[in-house]
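Enquirer: I have a structure I would like to understand better, so I am pasting it below and will then ask my questions one at a time.
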Amino acid sequence: MPYLRKRGKKWYYTIEISTAGGKRKRKEVVGGNTKAEAAAAYARAVVELQGTGAYFEPTKMTVSDYFKEWFDVYCPHNFRKNTIATYQRMARLHILPIIGDMRLPAVKPTDLQALVNELQQQGLSHSTISITLTVIKRAFAYAADFAEYLQKDPAQNVRVPRDAAAAVPSHAFTRDQVHQILEKYPPGHAFHLPVLIAYHTGARIGEICALTWKDVDFDAREIHINKTVINVNGPEIQPAPKTSGSRRVIPYGRALQDILKRQRKGQLINAMQYGAPPPIFVCQAARGGALNPKLFAPFNHWTRTTFGPGYTFHSLRHTHATMLLEAGEDLEVVSKRLGHTSINTTAKTYSHILEQRKAKTVHLLDEIL
């Protein structure tokens, strides 16, 4: 029979384990809030001891302490700086305020599911909840599988609630709105060329800021996307883009060809006049170097004020994809141009366009059959 006793509000069990010298000693361990929980914990410990010959001693660190260790030790070698910054923000805002003071081994699947459900009750978007859950799953998987702080991963079966707010449909500019943008930011303005590149290629703002003239093949009319500018503690060029699928080649049309050639010619003339070296970046900053994506905050403010909530520079990317899909372009082609890792991501993002195309197909069938 196990020896169980209550100390304060907790029940403890005593187990006999082997020390490094081969001697036996008794160890008292917290088992739970009730006598039954302590008895069950004792039974699990005995099974573990008999099966492996070793006793698994639960860590005493809190969730907050563990997350600090995870961010310091594991994340820098496995995630990019901007990803880590996002994960830290999600942990600070949505995870640690709820379970940060809990002991790591005390966290149960029900605690984590309750946390995710609470975020849904707060009205957070499906995207924010999904990212937060990704952080939870990755952190607790490491705690169980690598650090061996836990015998079992409590986040394994936690899910985003089915009734969580659906992802907000992507906002695409109309042609008239694009004309308004170009009137607001005419040739010569720092935003003019990035707007046109995003409109014609669907590239992300960080990818456009990192674009060099070596990445532009005028003969083949192709742009090579192979790096991006991130901003964590200042602008920094990241050798590889957001995902493996982001490293891609984007063919472009004659209209953008003329725009890029004029830009290249203008930059070279300015460089010769001032005795400066040939420019490196397509959208070069006033003092040289790559543009900082954060400089586009006024652009985002103006578009939201002018066209409504949800409109940002990123909407130019959605505009590009929407125009191609509405024109009948193949979904896989659009997915590759955008640099999505999976065609499913493209289908989910632009499901409303695909539904419109489906309706047009049904109407066409009625017309021709």
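Take the sequence shown: its letter number 284 is residue 945 in the working numbering, and every next letter is one higher. All C-beta atoms in this analysis are idealised placements derived from N, C-alpha and C, irrespective of residue type, glycine included. Since the structure is predicted, the reported quantities are computational estimates derived from the model, not experimental observations.
Quick one: what's Phe-942 bridged to in DSSP?
Expert: Reading the sequence shown from its first residue, position 281 is the one you call residue 942. Phe-942 is bridged to Thr-873.
Enquirer: So is Glu-1016 buried or exposed if we call it buried at 16+ other beta carbons inside 10 Å?
Expert: Residue mapping note: residue 1016 aligns to position 355 of the sequence shown, counting from 1. Flag for Glu-1016 reads exposed.
Enquirer: Whose C-alpha, out of Leu-843, Asn-894, Thr-1010, Val-724, is nearest the C-alpha of Val-768?
Expert: As a working note, residue 768 is residue 107 in the sequence shown. Minimum Cα distance to Val-768 is reached at Val-724.
Enquirer: Can you tell me whether Tyr-1011 is helix, strand or coil according to DSSP?
Expert: Walking along the sequence shown from the start, residue 1011 turns up at place 350. In this structure, Tyr-1011 counts as coil in the three-state DSSP scheme.
Enquirer: What three-state label does DSSP hand Leu-665 in the structure shown?
Expert: If you number the sequence shown from 1, residue 665 lands on position 4. Leu-665 falls in the strand class under three-state DSSP.
Enquirer: With Arg-915 as the anchor, note down where its alpha helix (DSSP H) starts and where it stops.
Expert: Reading the sequence shown from its first residue, position 254 is the one you call residue 915. Per DSSP, Arg-915 belongs to the alpha helix (DSSP H) from 915-934.
Enquirer: Going by C-alpha to C-alpha distance, which of Gln-774, Thr-793, Arg-909, Arg-820 sits closest to Leu-872?
Expert: Position 211 of the sequence shown holds residue 872. Nearest option by C-alpha distance: Arg-909.
Enquirer: Using the DSSP secondary-structure output, state which residues sit across from Asp-878 in a beta bridge.
Expert: Looking up residue 878 in the sequence shown gives position 217. Answer is Glu-883.
Enquirer: So what does DSSP say about Glu-897, is it helix, strand or coil?
Expert: Here the question's residue 897 lines up with position 236 in the sequence shown. Of the three classes helix, strand and coil, the one that applies to Glu-897 here is strand, per DSSP.
Enquirer: Relative to the ligand ZN, is the shortest distance from any of its heavy atoms to the C-beta of Ser-786 smaller than 7 Å?
Expert: This structure lacks the ligand ZN; in fact it carries no ligand of any kind.
Enquirer: Please report whether the beta-carbon of Thr-967 lies at a distance below 8 Å from any beta-carbon of chain D.
Expert: No chain D is part of this structure, which consists of one protein chain only.
Enquirer: Considering Ile-891, what are the terminal residues of the alpha helix (DSSP H) in which it resides?
Expert: Along the sequence shown, read from residue 1 onward, the residue named residue 891 stands at position 230. Segment 889-892 is the beta strand (DSSP E) holding Ile-891; no alpha helix (DSSP H) there.
Enquirer: Can you check which of these residues, Pro-959, His-832, Leu-811, His-1001, is closest to Pro-970 by C-alpha distance?
Expert: In the sequence shown, counting from the first residue as 1, residue 970 sits at position 309. It is His-832.
Enquirer: Can the beta-carbon of Gly-906 be found closer than 8 Å to that of His-1001?
Expert: Here the question's residue 906 lines up with position 245 in the sequence shown. Here the question's residue 1001 lines up with position 340 in the sequence shown. Yes; because the gap between Cβ atoms is below 8 Å, this pair is in contact.
Enquirer: Below 8 Å on the Cβ atoms is my contact criterion, and I expect Glu-883 with Pro-912 to pass it. Report the Cβ-Cβ distance as a whole number of Å.
Expert: Along the sequence shown, read from residue 1 onward, the residue named residue 883 stands at position 222. Along the sequence shown, read from residue 1 onward, the residue named residue 912 stands at position 251. Yes, Glu-883 and Pro-912 are in contact; Cβ-Cβ is about 5 Å, under 8 Å.
Enquirer: What are the start and end residues of the alpha helix (DSSP H) that includes Ile-603?
Expert: Residue numbering for the chain in the displayed model covers 662 to 1030; residue 603 lies beyond these limits and cannot be assessed.
Enquirer: Check whether the Cβ atoms of Leu-822 and Gln-781 sit closer than 8 Å, and answer yes or no.
Expert: On the sequence shown, position 161 is the one that residue 822 refers to. On the sequence shown, position 120 is the one that residue 781 refers to. Just to set this straight, residue 822 is Pro in the shown sequence, not Leu. It is a contact, given that the beta carbons lie within the stated cut-off.
Enquirer: Quick check on this structure: which residue in Asn-887, Phe-942, Pro-938 has the alpha carbon closest to the alpha carbon of Leu-921?
Expert: Position 260 of the sequence shown, counted from the first residue, corresponds to residue 921. Out of Asn-887, Phe-942, Pro-938, Phe-942 has the C-alpha closest to the C-alpha of Leu-921.
Enquirer: Which residue marks the beginning of the beta strand (DSSP E) containing Val-856, and which one marks its end?
Expert: Sequence index remark: in the sequence shown, residue 856 carries index 195 (1-based). Run containing Val-856: none in the beta strand (DSSP E); it sits in the alpha helix (DSSP H), 853-862.
Enquirer: Based on the DSSP output, what are the partners of Val-691 in its beta bridges?
Expert: For the purposes of this step, residue 691 is identified with residue 30 of the sequence shown, where counting begins at 1. According to DSSP, Val-691 bridges with Tyr-673.
Enquirer: Between which two residues does the beta strand (DSSP E) containing Arg-909 stretch?
Expert: The count along the sequence shown starts at 1 and reaches residue 909 at position 248. Start and end: 909-912.
Enquirer: DSSP puts Arg-764 in a beta bridge; with which residues?
Expert: As a first step, residue 764 must be located in the sequence shown, where it is residue number 103. Thr-723.
Enquirer: Among all the DSSP beta bridges, which residues are the ones paired with Ala-951?
Expert: For the purposes of this step, residue 951 is taken as residue 290 along the sequence shown, with counting starting at 1. In DSSP, Ala-951 forms a bridge with Gln-945.
Enquirer: Can you tell me which of the three DSSP states Thr-980 falls into?
Expert: Looking up residue 980 in the sequence shown gives position 319. Correct three-state label for Thr-980: helix.
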